[in-house]
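Numbering (full-length UniProt numbering), first residue to last: 1 to 330. Just so you know, even glycine gets a beta-carbon here, dropped at the ideal spot from N, CA and C. Being a predicted model, the structure only gives us computed values, none of them experimental. One structure is given below, encoded as structure tokens.
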């Protein structure tokens, strides 16, 4: 059984990855219902938190039904990160995660996210200071390295563990790769198989089928899988992986009724949480996967992703229900 600090997260837990404008409370709720063992918030800027920036502060919202839930923050300035720890604690998360892996230029250019992979001593010292500044378990999400010539993840993981990190999630790409090519899980397995390591090591990157999750567990021996893109618009992925673990068989895909119910609930929860304009806008990216595979669907999808009016999107759902009721997904 894997444990993050004193939190039992089960045998080979499935974790919802922190994804900007994706891992918000509505989506986390849906993923939790479908079997996600741990969910993480969108990443939150430490500088935004200490400036009381509205968007950053809003991301601190967590709900009891999500637990265990981790709040993820990023930054490269020690004072700002420690101040943000105190702010995050007031929201009552179970876990605090540090993002040392985001490859986006606007984050990296400030030396944060994957940018800190160029300064491993700073990565270690920030982690140590944050561990000492809170009683919450501190976890880290990172990448293999900055580029192919600077992969030192075995040493880095040791150092992070030695200063008190409670778990490490590792994306199997370098920053230079961004999301291109295939994720390489072999270096993550090296971290896990290092006899000095005793904290959970979670794998991330390209876990897009139940078979891949089994491979991560059985071939690479990792402690759990952090799932990102495969879950966007498809929260059932967690349930399907767990079913495959138990039976070795694929679970039947969600029905049209289940998909429409999830899409409607998702949109309504998003509107309730962040208002109609933002709720409608930030839910758009999910619709392609909610309704993936339906033939001649382009016109309906177009309505869903171009309208700024919630009523129009709900009307599009009604049209889909009328037109494709009983459609069999494969």
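Along the beta strand (DSSP E) that carries residue i, what are the first and last residues, could you check?
i	result
residue 74	69–74
residue 143	138–143
residue 331	Past the edges of the chain, shown from 1 to 330, lies residue 331, and the structure says nothing about it.
Alpha carbon to alpha carbon, how far is residue j from residue i? Give it in angstroms, no decimals.
i	j	result
residue 329	residue 230	17 Å
residue 8	residue 128	23 Å
residue 323	residue 65	34 Å
residue 144	residue 237	25 Å
residue 22	residue 15	14 Å
residue 240	residue 11	16 Å
residue 108	residue 177	14 Å
residue 293	residue 25	27 Å
residue 314	residue 265	10 Å
residue 213	residue 37	14 Å
residue 285	residue 305	8 Å
Contact check, residue i vs residue j under 8 Å by CB: the rounded distance?
i	j	result
residue 142	residue 101	5 Å
residue 122	residue 76	7 Å
residue 159	residue 131	In fact, because the Cβ distance is near 12 Å, the residues do not count as touching under 8 Å.
residue 233	residue 289	3 Å
residue 139	residue 95	6 Å
Applying the criterion that 16 or more other CB atoms from any shown protein chain within 10 Å of the CB defines a buried residue, is residue i buried or exposed?
i	result
residue 68	buried
residue 226	buried
Locate the alpha helix (DSSP H) running through residue i, then write down its first and last residues.
i	result
residue 265	256–274
residue 33	25–33
residue 193	186–193
residue 123	120–133
residue 169	Counting along the chain, residue 169 falls outside any alpha helix (DSSP H), though it belongs to the beta strand (DSSP E) covering 167–171.
residue 298	298–306
residue 238	237–247
Can you find a C-beta in chain B that's less than 9 Å from the C-beta of residue i?
i	result
residue 10	The question asks about chain B, but that chain is absent: this structure has only one protein chain.
Quick one: is the Cβ of residue i within less than 8 Å of any heavy atom of the ligand ZN?
i	result
residue 180	For the structure depicted, the ligand ZN is absent and the ligand set is empty, with no information on it obtainable.
query: Between the region 238–254 and the region 268–286, do at least 3 Cβ pairs fall closer than 8 Å?
result: no
- prompt: Can you find at least 3 beta carbon pairs, one from the region 197–208 and one from the region 169–187, that sit closer than 8 Å?
  reply: yes
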